[in-house]
Amino acid sequence: MNLSEQLVATSMPQHVAIIMDGNGRWAKKKGKIRTFGHRAGVKAVKASVSFALKNGVKALTLFAFSSENWNRPAEEVGVLMELFNMVLGSEVKKLHKNNVRLKIIGDTSRFDKKLVNRIREAEALTATNDSLVLNIAANYGGRWDIVNATKSLIAQVQSGQLDMADIDEEVFTQNTCTADFPAVDLLIRTGGEYRISNFLLWQIAYAELYFIEEFWPDFDEACFQLAVSAFNERQRRFGKTSEQVS
Ligand code: IPE
Ligand code: IPE
Ligand code: MG
Numbered sequence: 003m004n005l006s007e008q009l010v011a012t013s014m015p016q017h018v019a020i021i022m023d024g025n026g027r028w029a030k031k032k033g034k035i036r037t038f039g040h041r042a043g044v045k046a047v048k049a050s051v052s053f054a055l056k057n058g059v060k061a062l063t064l065f066a067f068s069s070e071n072w073n074r075p076a077e078e079v080g081v082l083m084e085l086f087n088m089v090l091g092s093e094v095k096k097l098h099k100n101n102v103r104l105k106i107i108g109d110t111s112r113f114d115k116k117l118v119n120r121i122r123e124a125e126a127l128t129a130t131n132d133s134l135v136l137n138i139a140a141n142y143g144g145r146w147d148i149v150n151a152t153k154s155l156i157a158q159v160q161s162g163q164l165d166m167a168d169i170d171e172e173v174f175t176q177n178t179c180t181a182d183f184p185a186v187d188l189l190i191r192t193g194g195e196y197r198i199s200n201f202l203l204w205q206i207a208y209a210e211l212y213f214i215e216e217f218w219p220d221f222d223e224a225c226f227q228l229a230v231s232a233f234n235e236r237q238r239r240f241g242k243t244s245e246q247v248s
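First residue of the sequence shown: 3, per this note's numbering; consecutive thereafter.
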């Protein structure tokens with residue numbers, strides 16, 4: 003999508019990215035163990051997919067597991083992997099029925115083989131669906147994505163497929179995990195922290211940032227609507243003056 007297309011005021015952001023944070027604290031507040039919060043977070047994932055589908059969001063990118071989350075206690079990592087596997091198994095048919103294309107972005111090489119197979123099957127099944135693209139960022143890091151794109155470009159230059167002079171922002175974008183999608187319009191983070199935590203970096207250059215205190219398991223369609231309403235009140239200037247864009 004080029005700049006002038008982005009400037010056309012649409013009421014619905016085309017690409018929404020969400021840092022789903024606060025599961026552990028949500029559980030702790032209820033006197034439960036952290037993983038109880040992760041399990042509860044699945045409902046909020048379903049609610050956000052449903053909102054995106056109903057409202058014509060074209061791409062929804064959810065941060066499920068960061069490259070740094072491996073540093074958590076092994077037991078918690080184990081539960082997160084098990085949950086990921088389970089939800090993939092139980093939800094893919096429904097996503098397919100709803101014409102959702104599922105994509106896992108991130109370094110899947112560290113996942114166990116069964117999970118990788120399940121991911122590939124789900125991606126293949128839903129590959130031609132076009133109501134919504136649901137990107138699940140798993141073992142994803144924004145820096146990793148940028149390094150990976152750089153390596154891929156160097157390999158193309160070395161093999162003579164690409165001329166270095168032809169590398170521009172568009173070509174670089176085409177080598178990141180989100181190559182086929184418009185830049186992120188709206189980035190939401192739940193859980194009250196005001197940081198990016200190595201999520202999409204390149205892709206959020208001009209995203210509107212929206213931080214809320216609610217923990218992820220409490221996020222629902224009404225919360226998503228509030229985020230979209232806040233987005234609609236922002237004036238996106240892309241470097242221009244207010245007068246130029248109004
Ligand atoms: C987000 O919730 C889920 C993942 C990072 C996998 P957290 O587990 O980070 O919950 P808090 O931030 O500790 O409350
Ligand atoms: C970011 O949350 C990662 C996900 C939501 C998957 P974290 O809880 O890992 O982020 P930090 O450690 O508070 O920055
Ligand atoms: Mg957290």
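Cβ atoms here follow ideal geometry from the backbone N, Cα and C, with glycine treated the same way. Quick caveat, the model's predicted, so the values are computed rather than measured.
Taking the C-alpha atoms as reference points, what is the distance between residue i and residue j?
i, j, result
"R238", "Y208", "8 angstroms"
"V10", "Q176", "Reliability fails at V10, whose pLDDT of 46 lies under 50, so the model's placement of it is uncertain and no value is given."
"D109", "H40", "21 angstroms"
"Q158", "T152", "10 angstroms"
"E223", "F53", "6 angstroms"
"L155", "I121", "26 angstroms"
"V79", "N71", "8 angstroms"
"Q227", "A61", "16 angstroms"
"S111", "E125", "16 angstroms"
"D187", "V47", "19 angstroms"
"L202", "C225", "22 angstroms"
"A66", "T130", "23 angstroms"
"P15", "E210", "10 angstroms"
"A76", "F113", "14 angstroms"
"D23", "G162", "43 angstroms"
"D170", "L164", "12 angstroms"
"F240", "G33", "45 angstroms"
"G144", "L64", "13 angstroms"
"A42", "W28", "9 angstroms"
"I35", "K96", "30 angstroms"
"K242", "M83", "45 angstroms"
"I206", "S244", "21 angstroms"
"N57", "A49", "12 angstroms"
"A229", "Q160", "44 angstroms"
"H98", "L55", "12 angstroms"
"E215", "M166", "45 angstroms"
"Q2", "V149", "Residue 2 is absent from the structure shown; the chain starts at 3 and stops at 248."
Check whether the Cβ atoms of residue i and residue j lie closer than 9 angstroms to each other.
i, j, result
"W204", "D147", "yes"
"V59", "V94", "no"
"I21", "S199", "yes"
"N1", "W218", "Residue 1 lies beyond the residue range present for the chain, which begins at 3 and ends at 248; the question has no answer from this structure."
"L85", "V51", "no"
"I213", "E195", "Note on identity: in this sequence residue 213 is Phe, with Ile being the wrong assignment. Yes."
"S1", "Y142", "Nothing about residue 1 can be reported from this structure: the residues present for the chain run from 3 to 248 only."
"T192", "F233", "no"
"A139", "I190", "no"
"T37", "V81", "yes"
At least 3 beta-carbon pairs within less than 8 angstroms: the segment 114-133 vs the segment 86-94: With a cut-off of 8 angstroms on Cβ pairs, the segment 114-133 is in contact with the segment 86-94, counting three or more such pairs.
Any heavy atom of ligand 1 nearer than 5 angstroms to the CB - residues listed: D23, G24, N25, G26 and R27
Please determine if the segment 166-175 and the segment 96-111 are in contact, where contact requires at least 3 C-beta pairs separated by less than 8 angstroms. no
Inter-stretch contact (C-beta, 8 angstroms, three-pair minimum) for the segment 129-147 and the segment 176-191: yes
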